[in-house]
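Only one structure is covered here, and it is reproduced in the block below.
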Amino acid sequence: MVDKKAHWQNLYREKAPTEVSWHQSEPELSLQLMHSSGIDRDEAVIDVGGGASLLVDYLWKEGFSNLAVLDISGYALSVAKQRLGDAAASIEWYETDVTEFMPPHPFSLWHDRAVFHFLTAKPDREKYIDALNLALRPNGHLVIAAFAIGGPEKCSGLDIVQYDAAKLMRELGKGFELMEEREELHVTPAGGEQKFTYFRFSKTEATV
């Protein structure tokens, strides 16, 4: 069985943040969908699996003042903190497996680019969705991206689960309404192509 924490710690230590396959110099589609949600700049936003991603930098520069980043890799989070400098003190940082996350307060938006698709076991997906439902306020927003049907079957040496809207909606359950779906062909730093699908959901009812 893979030690998830050790796997991601080692990966981030072995490669520069700009060399990992999921690196984006500008998280354009994530930002577009987050803007489409219509949330205010002072509402609570969490980037799940954010690691050393630049998304938090972009949001901070846009004036979002209630940000959180969660990742299983403390090393990845330390890279982001160092890069952000003084701004890092105004951001919440959670070093944990998302399936074990106990949110300390409600969030208005939960963003996940390529975490959920690593959960190949049903019990892990159920724990993730439990954490999501605990964290996201009623009428909150979920922006989630996963490898699309026909996209890669593995990432970083691990198996993944490909998703389309119907498959993801079965996992999420009746408490979420699909608002928007977008396709992305991500070009990795090494020049490879990865087919992603992005989804924006609204939480339609209290599910806890």
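Residue numbers (the UniProt record's numbering): 1 to 208.
Ideal Cβ placement from N, Cα and C applies to all residues, glycine included.
Everything numeric in this text was worked out from a predicted model, so none of it was measured.
On a Cα-Cα basis, can you pick out the residue from the options that is closest to residue i?
i: Phe-116; options: Ser-37, Ile-160, His-35 and Val-69; result: Ile-160
i: Met-169; options: Glu-126, Gly-150, Arg-137 and Gln-194; result: Glu-126
i: Glu-43; options: Asn-139, Glu-177, Pro-123 and Thr-197; result: Asn-139
i: Glu-180; options: Ala-121, Asp-112, Met-34 and Ala-52; result: Met-34
i: Lys-203; options: Asp-47, Leu-84, Gly-192 and Gly-175; result: Gly-175
i: His-111; options: Leu-54, Ile-144 and Ala-135; result: Ile-144
i: Ile-72; options: Pro-106, Thr-188 and Val-48; result: Val-48
i: Phe-101; options: Leu-132, Lys-122 and Arg-113; result: Leu-132
Excluding sequence positions up to five away, which residues of its chain have a Cβ less than 8 Å from the Cβ of residue i?
i: Leu-119; result: Thr-99, Arg-125, Tyr-128 and Val-161
i: Asp-164; result: Ala-148, Ile-149 and Thr-197
By Cβ distance, which residues of its chain are closer than 6 Å to residue i, with the 5 residues on each side in sequence left out?
i: Glu-92; result: Ala-68
i: Ile-39; result: Ser-108 and Leu-109
Within a Cβ cutoff of 7 Å, which residues of the same chain sit near residue i, ignoring the five residues on either side of it in sequence?
i: Leu-31; result: Tyr-58
i: Gly-150; result: Lys-195
How is the alpha helix (DSSP H) around residue i delimited, first residue to last?
i: Asp-124; result: 122-135
i: Lys-81; result: 74-84
i: Leu-33; result: 28-36
How many Å lie between residue i and residue j at the Cα?
i: Val-208; j: Ala-146; result: A caution first: Val-208 carries a pLDDT of 49, below 50, which makes its placement in the model unreliable, though a value can still be read off. Cα to Cα, the separation comes out at about 25 Å.
i: Glu-26; j: Ala-87; result: 19 Å
i: Tyr-94; j: Val-79; result: 14 Å
i: Lys-61; j: Arg-41; result: 11 Å
i: Phe-201; j: Ser-65; result: 22 Å
So the beta strand (DSSP E) residue i belongs to, where does it begin and stop?
i: Lys-174; result: First-last for Lys-174: undefined, no H or E at that position.
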